[in-house]
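A.B. asks: What follows is a structure written as structure tokens; I'll ask about it next.
Residue numbers (the numbering used here), protein chains in the order written: chain A, 11 to 217; chain B, 11 to 217.
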């Protein structure tokens, strides 16, 4: 039985697929962390590799061509499950889970571990940039009406420690096809990286 | 026997550790791709998970506390093996392998697959930002004298397709503790994302 995700899934079917695949993603995230931090010897590494390669072969028995893309449920909800920042099927994603606040801003709390390191013990500046690009893009968009990054500037105020972090973004103003947004990443002590960007309404969504 | 990496390793020891751990990282990268693209059913996913969790447990038998950090070989060469963009022990890294060209610029060819997707079939804009932050930072630095990102601006000219890509960066000018750098990501058709940034000489390296 194939678990390929066609368009127009019911909410129940989406929930069922999520129950199957999200725990797999979480297991692989644990494995990524263990791969970076392990100190076991060459023999133990070889044994782990054999198990990993068996799992890969099992999963590749039936697979989609190319990348995951974005599927759509019957309610029109998008399922960007392969997304590098928020994908529930992408082990590279932290993941980041964002919510829309009452004032229209987008907010999220998340945790970054060993896989996101740059300077020792700290978040790679590029990882902060990756997350802010996504969060400002989401903050600048409306449901079903994505806006794409035109330009974005990051200002690094200080190093961001690995661990528990917060992010948020909001629209500052809209001028025709341009939406101006700003946001930041913060740790418990305050803001570490700020961002501001211009997001463009794609041609197919212009009135 | 522990394979924890102490400081001041000989070149032979570094090579030996790399032979042990780099193939593990490559196996996990394959597993990440398979995890996103698999269509196998719930039973096969459960069997794969069991294998993955066994491998994780095996690797966690002995592990360092916290993130990987940066180790140093006897020749002073840094080993940022846990780095999110270039780490040979980090499965989240594509990885990106950079070279210093004769003119002082930094260049690299790399491949991005399903794990780096944003818009369907295309690189997540945040992934491009992550890579450019690293490449410009490397381009703005001298061996053993890192410069840290102060501000960086990305300009998205068009979507970047998943697949084979090229990146490069160079110093534009230096003004005291500020180094101005620029660079881009390109596909076979030309530049897709441009970046310019200001990189700061850290206090401990100022003359």
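Note that CB positions come from ideal geometry on N, CA and C, so glycine has one too.
Look at the alpha carbon of residue 29(B) and the alpha carbon of residue 19(A), and state the distance between them as a whole number of angstroms.
C.D. replies: For this step, residue 29(B) is matched to residue 19 along the second chain. For this step, residue 19(A) is matched to residue 9 along the first chain. Distance between the alpha carbons of residue 29(B) and residue 19(A): 46 Å.
A.B. asks: If residue 78(B) and residue 127(A) are in contact, beta carbons under 8 Å, what's the gap, nearest whole angstrom?
C.D. replies: Taking the second chain and counting its residues from 1, one reaches residue 78(B) at position 68. Taking the first chain and counting its residues from 1, one reaches residue 127(A) at position 117. Contact flag correct, Cβ pair sits at about 6 Å.
A.B. asks: Helix, strand or coil, according to DSSP, for residue 185(B) in the structure here?
C.D. replies: Translated into positions along the second chain, residue 185(B) becomes position 175. The answer is strand: DSSP assigns residue 185(B) an E or B state.
A.B. asks: Would you please verify whether the beta carbon of residue 92(A) is less than 8 Å from any beta carbon of chain B?
C.D. replies: Position 82 of the first chain, counted from the start, is the residue given in the question as residue 92(A). At least one chain B Cβ lies under 8 Å of residue 92(A).
A.B. asks: Could you tell me whether the Cβ of residue 40(A) comes closer than 8 Å to any Cβ of chain B?
C.D. replies: Against the first chain, residue 40(A) aligns to sequence position 30. Chain B, which has a Cβ nearer than 8 Å to the Cβ of residue 40(A), makes this yes.
A.B. asks: Which residues does DSSP list as the beta-bridge partners of residue 208(A)?
C.D. replies: The residue given as residue 208(A) occupies position 198 in the first chain. DSSP output for residue 208(A) lists 161(A), 190(A) as bridge partner(s).
A.B. asks: At a Cβ threshold of 8 Å, is residue 47(A) touching chain B?
C.D. replies: In the first chain, counting from the first residue as 1, residue 47(A) sits at position 37. With 8 Å as the cut-off, residue 47(A) counts as an interface residue toward chain B.
A.B. asks: Name, please, each residue of chain B whose Cβ falls closer than 9 Å to the Cβ of residue 189(A).
C.D. replies: For the purposes of this step, residue 189(A) is taken as the residue at position 179 of the first chain. Against chain B, the beta carbon of residue 189(A) has no neighbour under 9 Å; the closest one sits roughly 14 Å away.
A.B. asks: Residues bridged to residue 89(B) by DSSP?
C.D. replies: For the purposes of this step, residue 89(B) is identified with residue 79 of the second chain, where counting begins at 1. 81(B).
A.B. asks: Enumerate in chain order the residues of its own chain whose CB-to-CB distance from residue 216(B) is below 7 Å, with the five nearest sequence positions on each side excluded.
C.D. replies: Counted from its first residue, the second chain places residue 216(B) at position 206. Within the same chain, residue 216(B) has close Cβ partners 187.
A.B. asks: Mark residue 192(A) as exposed unless 16 or more other C-beta atoms lie within 10 angstroms of its C-beta, in which case mark it buried.
C.D. replies: Taking the first residue of the first chain as 1, we reach residue 192(A) at position 182. So residue 192(A) counts as buried.
A.B. asks: Should residue 125(A) and residue 100(B) be called a contact, given that it needs their Cβ atoms to be closer than 8 Å?
C.D. replies: Within the first chain, numbered from 1, the residue matching residue 125(A) stands at position 115. Within the second chain, numbered from 1, the residue matching residue 100(B) stands at position 90. Taking 8 Å as the Cβ cut-off, residue 125(A) and residue 100(B) qualify as a contacting pair.
A.B. asks: Across which residues does DSSP place residue 178(A) in a beta bridge pair?
C.D. replies: Translated into the one-based positions of the first chain, residue 178(A) becomes position 168. Paired residue(s): 117(A), 194(A).
A.B. asks: Is residue 162(A) close to chain B, meaning its C-beta is less than 8 Å from at least one C-beta of that chain?
C.D. replies: Here residue 162(A) corresponds to residue number 152 of the first chain, with the count starting at 1. For residue 162(A), the answer is yes, since a Cβ of chain B falls inside 8 Å of its Cβ.
A.B. asks: Relative to the C-alpha of residue 184(B), which candidate in 53(B), 37(B), 144(B), 151(B) has its C-alpha closest?
C.D. replies: Counting from one through the second chain, the residue named residue 184(B) turns up at place 174. If we check each option's Cα against that of residue 184(B), 151(B) comes out closest.
A.B. asks: Which same chain residues end up closer than 6 Å to residue 9(A) when comparing Cβ atoms and leaving out the 5 residues on each side of it in sequence?
C.D. replies: Outside the shown range of chain A (11 to 217) lies residue 9(A), about which nothing can therefore be said.
A.B. asks: Check this for me: beta carbons of residue 189(A) and residue 181(A), under 8 Å apart or not?
C.D. replies: Working through the first chain from its first residue, we reach residue 189(A) at position 179. Working through the first chain from its first residue, we reach residue 181(A) at position 171. Taking the C-beta atoms as reference points, residue 181(A) is found nearer than 8 Å to residue 189(A).
A.B. asks: Pull up the distance between the alpha-carbon of residue 154(B) and that of residue 82(B), whole angstroms please.
C.D. replies: The sequence position of residue 154(B) within the second chain is 144, counting from 1. The sequence position of residue 82(B) within the second chain is 72, counting from 1. Approximately 11 Å, taken between the alpha carbons.
A.B. asks: Is it buried or exposed for residue 206(A), if we count other Cβ within 10 angstroms and need 16 for buried?
C.D. replies: For the purposes of this step, residue 206(A) is taken as the residue at position 196 of the first chain. By the 10 Å Cβ count, residue 206(A) comes out buried.
A.B. asks: With 8 Å as the threshold, decide whether the Cβ of residue 78(B) is near any Cβ in chain A.
C.D. replies: Here the question's residue 78(B) lines up with position 68 in the second chain. It does; some Cβ of chain A falls within 8 Å.
A.B. asks: With distances taken Cα to Cα, identify the nearest neighbour of residue 156(A) among 109(B), 164(B), 129(B).
C.D. replies: Position 146 of the first chain, counting from 1, holds the residue named residue 156(A). Looking at the Cα atoms, 129(B) is the closest of the given residues.
A.B. asks: Beta-carbon within less than 7 Å of residue 123(B)'s beta-carbon, same chain only, minus the 5 sequence neighbours each way: which residues are those?
C.D. replies: Here residue 123(B) is taken as the residue at index 113 of the second chain, counted from 1. Around residue 123(B): 43, 172.
A.B. asks: Can you give me the start and stop residues for the alpha helix (DSSP H) that residue 60(B) sits inside?
C.D. replies: Taking the first residue of the second chain as 1, we reach residue 60(B) at position 50. Unbroken alpha helix (DSSP H) run through residue 60(B): 52-70.
A.B. asks: Below 6 Å CB to CB, which residues in the same chain sit around residue 33(B) once its five sequence neighbours on both sides are set aside?
C.D. replies: One-based indexing of the second chain puts residue 33(B) at position 23. Same-chain partners within the cutoff: there are none.
A.B. asks: Where does residue 91(B) land, buried or exposed, given buried means 16+ other C-beta within 10 angstroms?
C.D. replies: Residue 91(B) sits at position 81 when you count from the first residue of the second chain. Flag for residue 91(B) reads buried.
A.B. asks: Less than 8 Å between C-beta atoms, sequence neighbours within five positions excluded: which residues of the same chain meet that for residue 96(B)?
C.D. replies: As a first step, residue 96(B) is located in the second chain; it is residue number 86 there, counting from the start. If we look at residue 96(B) and ignore the five residues flanking it on each side, its Cβ neighbours are 90, 103, 105, 106, 107, 108, 144.
A.B. asks: Using the beta-carbon of each residue, which ones in chain A are nearer than 8 Å to residue 37(B)?
C.D. replies: What you label residue 37(B) is simply residue 27 of the second chain in a count that begins at 1. Taking the beta carbon of residue 37(B) as reference, the chain A residues within 8 Å of it are 59, 62, 63, 66, listed in sequence order.
A.B. asks: At a CB-CB cut-off below 9 Å, which residues of chain B make contact with residue 55(A)?
C.D. replies: Position 45 of the first chain, counted from the start, is the residue given in the question as residue 55(A). Chain B residues near residue 55(A): 13, 30, 31, 33, 34, 68, 69.
A.B. asks: At least one CB of chain A closer than 8 Å to the CB of residue 52(B): is that the case?
C.D. replies: For the purposes of this step, residue 52(B) is taken as the residue at position 42 of the second chain. For residue 52(B), the answer is yes, since a Cβ of chain A falls inside 8 Å of its Cβ.
A.B. asks: Could you compute how far the alpha carbon of residue 120(A) sits from the alpha carbon of residue 57(A)?
C.D. replies: Along the first chain, one-based indexing puts residue 120(A) at 110. Along the first chain, one-based indexing puts residue 57(A) at 47. Taking the straight line from one Cα to the other gives about 33 Å.
A.B. asks: If distances are taken between C-alpha atoms only, which option among 35(A), 31(A), 41(A), 54(A) comes closest to residue 50(B)?
C.D. replies: Locating residue 50(B) in the second chain gives position 40, counting from the first residue. If we check each option's Cα against that of residue 50(B), 31(A) comes out closest.
A.B. asks: Alpha carbon to alpha carbon, how far is residue 146(B) from residue 52(B)? Give it in angstroms, no decimals.
C.D. replies: In the second chain, the residue the question calls residue 52(B) occupies position 42. In the second chain, the residue the question calls residue 146(B) occupies position 136. Computed Cα separation, rounded: 44 Å.
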